[in-house]
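Written below as structure tokens is the structure these notes are about.
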Amino acid sequence: MIGTRRNVDWLSFAVLVLCAVGASGCAQWRLPEIDPTGERIFVAPAGPTAGMPGGPYHDVPGPILGPRQAGVTLSPRVAVAPVGSEVVMLAGVLGSDDYLTTNARVEWMIARGGVGHFVDIDKSSWLNYLVLDFTSPRKINETFAIGTTSRKYRHLTRGTPSPHDDVYMLRGQTWITLTSPVEGASYVTAYSPDVRSWETHTQAATIYWVDALWQFPPPSVNPAGTRHVFTTTVTRQTSHAPVAGWLVRYEILDGPPAGFAPQGATVAEVPTDGSGQASVEIFQKQPMAGTNRIGIQVVRPEGFNGPRFVVGSGATSKTWSAPQIAVRKTGPAAGGVGSTLTYCIELINPGDQPADQVVLTDEVPQGWAYLSSNPPAALADRRLQWNVGAMSAGTRRAFEINLRPEQPGSVTTCAEAAAAGGLRARDCVTTTVGTAAPAVGNARIDLQIAGPDRAAVGDTLTFRITVTNVGQGTATGLVLRDAFGPGLQHAQAPSPIERSLGVDLAPGRSQVIGVELRATQPGTQCQTITVTGNGGVQVSKQACVAVAAPPAKQPPAAQAPTQSSVTPQLPAPQWPSPELPKTQTPTQPPPEPPTTKPPETTTAPQPPATAKMPEARLLVSGPDKPLNVGDMAEFMLQVSNPGTVALTGVQISAHMDMSLDPEFAGKGSKREGQRLVWTLDSLAPGARSDIFQVQCRCKEASPRACVRAQVTAAEGVSEKSEACVEVRTAQPLGGSLTITMVDLRDAIAVGKKETYEIRVTNNGPTPDRDVRLKVALPPELTLDPLGTTGPGGGFAKAEGQTIEFKPVAQLLPGEPLSYSVIAVAKQAGKVTVTATVSSKNVKELSRTESTEIFAEKP
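In the numbering used here, the protein residues as written are 26 to 883.
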């Protein structure tokens, strides 16, 4: 413990021990650097005090190998401080056994010819008289004082909130403070008459008092290739008069090649002039973008009442700005002959200056056909070119190319950008093209991807992937692989994610899979979907989304939203997974809406039975389970014409309750006050409209938060419908754990396996302990122990339909736990799986997930 205390801060104003820099060079300690405000000194690193006999102090006496009082210790031995500040000095009497002696007399003296005077001294306790220590600590005058070493540990504080200027005094030490109102040096001697040796009964220290303040130059930003002057100003702390003849040392620490005028050296020492200023000019040896860090030291030269030493240090920076150009190309890794392959190119100016005369080029490989590009490119000799012109700093441009391979093989295509000033960037993509119509027997796979084409950072993007067997034979062993860029994020796994479709597709059959990704970066973000199967089946397609910065926040709930609060460009409508069948033939009509009519449905007055009746049917669907405040609620609207009369001037409007804040809507929507409105020119008999999507943020708790919709047409029809959801207040239930659970397939056939991915996260500021998870399966599912895993391995036990995982002793803040439960479907029906987590801080927190089990047709 004593050794530890020996290494703490010794000075009340954090005085540093320094080395005497001069002709003799640098000793073990170097001179400290003082605060530019002159209010305190920075703390020196811990280390042994010069001239101190023995090693670390001992807390108990040891064998006496010499005199009990062997020598005097003193700290600091050499230091620097601002004029007017108060420096604390510590002295002790050390024995030959490295034990600090208590109740030992110490006399303090300031030598004549120096500056400074004593301010205060360590006072003794009345207990000292009980142990026959009759020394009365006192100041005799301003330069002489008498003290005695203490019998207890002391913590000296200056009354400031910062602990950095505190002083810790050991038992067997004593303290004194001194100050000086003028520059100069104080020569302090500590003497103990209890130490008999003339060699060690005194120790001396020197305190240099400095009267100076300085102002370092601020960071600067200039175009690459230009010059810049940095100026440091040094003045007196007491009078603010300029200080001439001091040195300022500049050193380029890192960054692009640069130097100081005139020779281009990386280090320069400049004396302050009559105005107290020291200036240096920096320039680049070759124009280049980047940032140079410049270290600065203020040096008092030798001859100014003492040796040369550094009194302060700091840093500044020089940023050389320049335009830059970057290009990123993405595309499918595999494709088939005759298929359409889409490539996305992102052109970026990551610099802080405009880039001029920007030109982007790409190439059409031999044996490939060019179909289209967006924006249109100029095609010359199989070379695509876009004359972009000027690009301001930080801007991005997106380009899309559609090509059709007409022969198999591996091909690498490259996009290249060039700009004024010799700027160039290049990125390439390699695609392997297989033979046409890969098949198992006569099986052939078609792949379609439906999802948004625009979004904002932070959005959750839902993609509907349809895999269809358009061949004559059965496709088996189908596996879907999704590779997405760094701007997209999956909730459970990094890119790429891969899973089996779980079914064999007979001719004409389809399988629909939903994938949710979160947009994390702006720009064009792409994913490549590849489906492979037995016998060489392979098809690949790419889907890209233009991701913008997050949309502006909606107005407060008490105010009606205005027209300007709606994002002008909204994402494309997305397909609702729960309402769509998992398999269907490509030629089937769209799925019929549920036959159960939503509540509060009204119809327009019906005409006589003999007349042709115009009809409209409106379906509104929403979340099928309660949500928490802050969750996103997705609603779907679709209108159909079940009658025999065509409808014209069709208008669909949706009104959201105040507890729901609409953030996204499908293409074609318009904001009219508090409504979202879509219009259709006409709707033929028996036809259905597209599905209109509305995504709302749950703002506040409500037992029924509703979207109320109405459809009207010029023929006089009017139909209303609504969908509601319960919004609950999200509560941590005594702790800060959160739990999420998803099933990898929304619907499975009897006899097939379903995987439930569960994630538990500690969102609190402190660790949680004894985290336990239980999962309850319904009777329609049975546990598959192979592959069911959690932290530290498999599950702990399974009793009936309940699985318990091994408890986690400690979960750190921000740390997640991942669990995977695999179950086999035994009988058809809609089932619910419940996951419950508990811990020391959370009594119980549950989540549920529903899965549809269907019986396959024979």
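The C-beta atom is built at its ideal place from N, Cα and C for all residues, glycine as well. Source: prediction; values computed, not measured.
Query raised in the report: Going by the CB atoms, is the gap between alanine 748 and valine 645 shorter than 9 Å?
Result: yes
Report task. Determine which residues share a DSSP beta bridge with lysine 745 and list them. Result -> Gln735
Query raised in the report: Roughly how many angstroms lie between the CA atoms of leucine 708 and threonine 673, to the nearest whole one?
Result: 6 Å
**Report entry** Counterpart residues of lysine 799 in DSSP-defined beta bridges
**Finding:** Glu829, Thr861
Query raised in the report: Taking DSSP as the reference, what is the three-state secondary structure of asparagine 788?
Result: coil
Query raised in the report: In whole angstroms, what separates the C-alpha of arginine 429 from that of alanine 445?
Result: 33 Å
Query raised in the report: Which residue from His142, Ala136, Leu99, Pro101 puts its Cα closest to that of valine 108?
Result: His142
Query raised in the report: Where does asparagine 374 fall in DSSP's three states?
Result: coil
Query - Cβ-based neighbour list, serine 871, same chain, cut-off 7 Å, excluding 5 preceding and 5 following - result: Thr859, Ala860, Thr861
**Report entry** Ranges of the beta strand (DSSP E) found wholly within the segment 408–465, counting only runs of at least 3
**Finding:** 408–416, 421–430, 434–444, 448–459
Query raised in the report: How would you call glutamate 625, buried or exposed, if buried means at least 16 neighbouring beta carbons within 10 angstroms?
Result: Summary for glutamate 625: the model assigns pLDDT 42, below 50, so the residue's position carries little reliability, and this model does not support an answer.
Requested in this report: Would you kindly check if the distance between the Cβ of valine 273 and the Cβ of valine 97 is under 9 Å?
Outcome: no
Query raised in the report: Given threonine 225, which residues of its chain have a CB within under 6 Å of its CB, disregarding the five upstream and five downstream residues?
Result: Gly96
Query raised in the report: Since serine 840 is in the beta strand (DSSP E), which residue starts that stretch and which ends it?
Result: A small correction: the amino acid at residue 840 is glutamate; serine does not occupy that position in the sequence shown. Glutamate 840 -> no beta strand (DSSP E), and no H or E assigned at all.
Report task. Specify the secondary structure class of threonine 873 as computed by DSSP and reduced to three states. Result -> strand
Query raised in the report: Does the Cβ of tryptophan 223 have 16 or more other Cβ atoms within 10 Å, making it buried, or fewer, making it exposed?
Result: exposed
Query raised in the report: Do you know offhand how far asparagine 374's Cα is from arginine 449's?
Result: 11 Å
**Report entry** Proximity winner among Thr297, Met416, Phe334, Val389, relative to alanine 347 (alpha-carbon distances)
**Finding:** Met416
Report task. Go through its chain and collect everything with a Cβ distance to glutamine 756's Cβ below 7 Å, but skip five positions before and after it. Result -> Here the model assigns glutamine 756 a pLDDT of 49, short of 50, so the residue's position is not dependable and the matter cannot be decided.
Report task. Using the Cα positions of glutamine 410 and proline 511, report the straight-line distance between them to the nearest angstrom. Result -> 27 Å
Query - Reference glycine 825; option with closest CA among Gly819, Pro838, Pro804, Asp452 - result: Pro804
Query raised in the report: Using the C-alpha atoms, what's the distance from alanine 283 back to asparagine 166?
Result: 57 Å
**Report entry** Whole-angstrom distance between isoleucine 277 and tyrosine 844, CA atom to CA atom
**Finding:** 52 Å
Requested in this report: Take the Cβ of glutamate 306 as the centre, count every other Cβ of all protein chains shown within 10 Å, and call the residue buried at 16 or more, exposed below.
Outcome: exposed
**Report entry** Identified DSSP bridge partners for serine 264
**Finding:** BP columns for serine 264 are empty, so no partner.
Query - Through-space distance from serine 678 to arginine 700, alpha-carbon basis - result: 6 Å
Report task. Note down the Cα distance separating glycine 250 from arginine 543, rounded to an integer number of angstroms. Result -> 42 Å
Query raised in the report: From glutamine 552 to threonine 485, what distance separates their C-alpha atoms?
Result: 14 Å
Report task. Enumerate in chain order the residues of its own chain whose CB-to-CB distance from glycine 320 is below 6 Å, with the five nearest sequence positions on each side excluded. Result -> Glu276, Leu278, Ala340
**Report entry** Under the three-state DSSP convention, the category asparagine 559 falls into
**Finding:** helix
Query raised in the report: Are threonine 491 and leucine 503 touching if we call contact CB-CB under 9 Å?
Result: no
Query raised in the report: So the beta strand (DSSP E) histidine 180 belongs to, where does it begin and stop?
Result: 179–181
Query - Presumed contact (8 Å Cβ cut-off) between lysine 354 and alanine 440, rounded CB distance - result: 4 Å
Query raised in the report: Would you call glutamate 327 buried or exposed, if buried means 16 or more other Cβ atoms sit within 10 Å of its Cβ?
Result: exposed
Query raised in the report: Where does lysine 148 sit, in a helix, a strand or coil, going by DSSP?
Result: coil
Report task. Drop a sphere of 10 angstroms on the beta-carbon of proline 687, count the other beta-carbons inside from all chains shown, and report buried for 16 or more, exposed for fewer. Result -> buried
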